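Undergrad: Residue numbers (UniProt numbering): 1 to 513.
(1) So who's on the other strand from residue 316, going by DSSP bridges?
(2) Along the chain, where does the beta strand (DSSP E) that runs through residue 165 open and close?
(3) Measure the CB-CB distance between residue 315 and residue 48 and report whether it falls below 8 Å.
(4) CA-CA distance, residue 273 and residue 105?
(5) Can you check DSSP and say which residues form a bridge with residue 94?
(6) Determine whether the beta carbon atoms of residue 443 and residue 458 lie at a separation below 8 Å.
(7) Taking 8 Å as the cut-off, decide whether the C-beta atoms of residue 198 and residue 147 are in contact.
(8) Spatial neighbours of residue 20 within its chain, please: C-beta separation below 7 Å, excluding the five flanking residues on both sides.
(9) Start and end of the alpha helix (DSSP H) containing residue 293?
(10) Is any non-hydrogen atom of the ligand ATP found closer than 7 Å to the C-beta of residue 356, if you look at the structure I gave you?
(11) So, does the segment 415 to 427 touch the segment 328 to 342, judging by three or more C-beta pairs under 8 Å?
(12) Roughly how many whole angstroms lie between the Cα atoms of residue 213 and residue 55?
(13) Counting only the same chain and skipping the five closest in sequence on each side, list residues whose C-beta sits under 8 Å from that of residue 482.
(14) With DSSP run on the structure shown, which of helix, strand or coil describes residue 392?
(15) Tell me, please, which residues DSSP counts as bridged to residue 170.
(16) In chain order, what residues of the same chain lie with their CB nearer than 7 Å to the CB of residue 184, ignoring the 5 residues before and after it?
(17) Hey, could you find the ends of the beta strand (DSSP E) residue 6 is sitting in?
(18) If we count Cβ pairs, one from each stretch, closer than 8 Å, do we get three or more for the segment 279 to 299 versus the segment 154 to 168?
(19) In angstroms with no decimal places, state the Cα-to-Cα distance between residue 305 and residue 108.
(20) Within this structure, are the beta carbons of residue 11 and residue 312 separated by less than 8 Å?
(21) With burial defined as no fewer than 16 other Cβ atoms inside 10 Å of the residue's Cβ, what is the status of residue 220: buried or exposed?
(22) Residue 242 lies in the alpha helix (DSSP H); which residues open and close that run?
(23) So within the segment 345 to 405, which uninterrupted alpha helix (DSSP H) runs reach at least 4 residues, ignoring any that extend past its ends?
(24) Roughly how many angstroms separate the alpha carbons of residue 76 and residue 112, rounded to a whole number?
(25) In the structure shown, what three-state DSSP assignment does residue 408 receive?
(26) Pull up the distance between the alpha-carbon of residue 340 and that of residue 466, whole angstroms please.
(27) Can you round the beta-carbon distance between residue 454 and residue 230 to whole angstroms, since I take them to be within the 8 Å contact cut?
(28) According to DSSP, simplified to helix, strand and coil, what is residue 29?
(29) Measuring CA to CA, which of 4, 42, 30 and 503 is closest to residue 290?
(30) If I'm right that residue 121 touches residue 186 with Cβ under 8 Å, what's the distance once you round it to whole angstroms?
(31) Using DSSP's beta-bridge definition, name the partner residues of residue 514.
(32) Could you tell me which whole alpha helix (DSSP H) segments of length 4 or greater appear in the segment 99 to 138?
(33) How big is the Cα-Cα spacing for residue 496 and residue 384?
(34) In terms of DSSP beta bridges, what is residue 61 paired with?
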């Protein structure tokens, strides 16, 4: 077996390549010695405060509505273990294992700043989960996005032998998974219980994972859009104009569009003015690129954020409001709005090519002298996917919510925002597949033999869907095209054929998903 490479966590922001490798579980994760020393110093300060009789929230007092309840030294072990058990209340579908691994790494990384006040034992317990391939089952429903207590609790519970985890390809009770990995449950000291639950690490990991998949969906949609625009003979003039007068991001996207159109080498339709869905492709895709990148940059900063309460500052223990992840939540919702515009742009092109008339294409892309309905009915799918994407773009983070005796009256709903964005990504991926299918039909109707990226899109479509000569079910074909376009081998081919260098490298799209 090839030895695993090592990733060293130092308490600094992580990048997508590192997170992707941790998510796959094929690296050894270690904490930098100087970072562990910061953990020990922070713990010493918290221990000193407790020894001096200072009430420390969640360490020697209760939490939430029970904040004024204090515990004796003899009760603290039971309280800390009970705190984790009580916060194991997530329900529904579990997160993917790669998201859980990333969440554990983020929790470790933020703790390495030395301001959490947890013990080194807790940090090493998390490291053991990563390095011994014990992946807690984390059900995704249950967080209001103001510390993922109901989600992080499911990870922390595994550390003490409670809950469930995956190990060796099997879903096991936590105690059995730990034993199979050669591990034993750990003892949670004062503040360890709160540190195990009061963090947004799951939300941060899920947001980063979704944004990276969103970047892949955007690149797939750019490819399908180019194939569709080529099949309709779209003019390059508006894209050339965007190179001259557009914003910096618009200029980058416009150059990409012009280059891919030149490589495709298909005749331009001689019309006075193209519809906006073609003329404004540079502007629409640039907005998507910009929104995704901004959200991702914000999300990566969160991988080193100390969002605990309380926090340690030198010898002081301070109460904190850092558990509200509003910046990444708002950025992610902005990306969701950009995706609604991407979906509308794609839907408009689908309708445009289906209407025919461009380059004398037939209505519904029905071959000449064929008694068929063609691609008219499937436009309803395009419309539903657009409406779905649009409906999921509505902001929800400002919803009112008051719990815990009135002291917890802010929330961001980050995990729910992530889930809605994930569904947008799925819809856009399917739109890209549908648009590619329509483009391939139009290219074949016109007898085109395109080059470059458009040739690749045509090739992928025709592997899964033959030229449409008579009416037939299209459901399975659209899904097969979607899966193919999103697969790591095809994604790598798309990136090689039509790179968007800085964007692709930032999201490490070459690693697949």
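Quick reminder that beta carbons are idealized off the backbone N, C-alpha and C, glycines included.
Everything numeric in this text was worked out from a predicted model, so none of it was measured.
TA: Taking the coordinates as given:
(1) The residue you call residue 316 lines up with position 316 of the chain shown. BP columns for residue 316 point to 313.
(2) On the chain shown, position 165 is the one that residue 165 refers to. Here the beta strand (DSSP E) through residue 165 covers 164 to 167.
(3) As a first step, residue 315 is located in the chain shown; it is residue number 315 there, counting from the start. As a first step, residue 48 is located in the chain shown; it is residue number 48 there, counting from the start. Against a cut-off of 8 Å, the Cβ pair of residue 48 and residue 315 comes out as a contact.
(4) Taking the first residue of the chain shown as 1, we reach residue 273 at position 273. Taking the first residue of the chain shown as 1, we reach residue 105 at position 105. Roughly 52 Å separates the two Cα atoms.
(5) To locate residue 94, count along the chain shown from 1; it is residue 94. 139, per the DSSP bridge assignment.
(6) Position 443 of the chain shown, counted from the start, is the residue given in the question as residue 443. Position 458 of the chain shown, counted from the start, is the residue given in the question as residue 458. Result yes, Cβ atoms of residue 443 and residue 458 sit closer than 8 Å.
(7) For the purposes of this step, residue 198 is identified with residue 198 of the chain shown, where counting begins at 1. For the purposes of this step, residue 147 is identified with residue 147 of the chain shown, where counting begins at 1. Yes, they are a contact pair.
(8) Within the chain shown, the letter at position 20 stands for residue 20. The residues are 508 and 511.
(9) Here the question's residue 293 lines up with position 293 in the chain shown. Segment 281 to 301, the alpha helix (DSSP H) holding residue 293.
(10) The ligand ATP is not part of this structure, which contains no ligands at all.
(11) yes
(12) Stepping through the chain shown from its first residue, residue 213 is reached at position 213. Stepping through the chain shown from its first residue, residue 55 is reached at position 55. Their backbone Cα atoms lie some 44 Å apart in a straight line.
(13) The residue labelled residue 482 in the question sits at position 482 within the chain shown. 429, 430, 432 and 433.
(14) One-based indexing of the chain shown puts residue 392 at position 392. In the structure shown, residue 392 sits in coil (DSSP, three-state: anything other than H, G, I, E or B).
(15) Counted from its first residue, the chain shown places residue 170 at position 170. Paired residue(s): 167.
(16) If you number the chain shown from 1, residue 184 lands on position 184. Excluding sequence neighbours, residue 184 sits near 178.
(17) The sequence position of residue 6 within the chain shown is 6, counting from 1. Taken as a continuous stretch (DSSP letters only), the beta strand (DSSP E) holding residue 6 covers 5 to 9.
(18) no
(19) In the chain shown, the residue the question calls residue 305 occupies position 305. In the chain shown, the residue the question calls residue 108 occupies position 108. Distance between the alpha carbons of residue 305 and residue 108 is about 11 Å.
(20) As a first step, residue 11 is located in the chain shown; it is residue number 11 there, counting from the start. As a first step, residue 312 is located in the chain shown; it is residue number 312 there, counting from the start. Contact: no.
(21) By one-based count along the chain shown, residue 220 stands at place 220. By the neighbour-count rule (16 or more Cβ atoms within 10 Å), residue 220 is buried.
(22) Along the chain shown, one-based indexing puts residue 242 at 242. Element bounds for residue 242: 237 to 245.
(23) 379 to 391
(24) Within the chain shown, residue 76 is the residue found at index 76, counting from 1. Within the chain shown, residue 112 is the residue found at index 112, counting from 1. Distance between the alpha carbons of residue 76 and residue 112: 24 Å.
(25) Residue mapping note: residue 408 aligns to position 408 of the chain shown, counting from 1. Reduced to three states, the DSSP call for residue 408 is strand.
(26) The residue labelled residue 340 in the question sits at position 340 within the chain shown. The residue labelled residue 466 in the question sits at position 466 within the chain shown. Looking at the two C-alpha atoms, the distance is approximately 30 Å.
(27) Counting from one through the chain shown, the residue named residue 454 turns up at place 454. Counting from one through the chain shown, the residue named residue 230 turns up at place 230. Yes, they are in contact, since the Cβ atoms of residue 454 and residue 230 sit about 5 Å apart, within 8 Å.
(28) In the chain shown, the residue the question calls residue 29 occupies position 29. Correct three-state label for residue 29: strand.
(29) Within the chain shown, residue 290 is the residue found at index 290, counting from 1. The shortest Cα separation from residue 290 among 4, 42, 30 and 503 belongs to 503.
(30) Along the chain shown, one-based indexing puts residue 121 at 121. Along the chain shown, one-based indexing puts residue 186 at 186. That pair is a contact at about 6 Å.
(31) Because the chain here runs from 1 to 513, residue 514 falls outside it and cannot be looked at.
(32) 120 to 131
(33) Your numbering for residue 496 matches position 496 in the chain shown. Your numbering for residue 384 matches position 384 in the chain shown. Distance between the alpha carbons of residue 496 and residue 384 is about 32 Å.
(34) Position 61 of the chain shown, counted from the first residue, corresponds to residue 61. Paired residues: 70.
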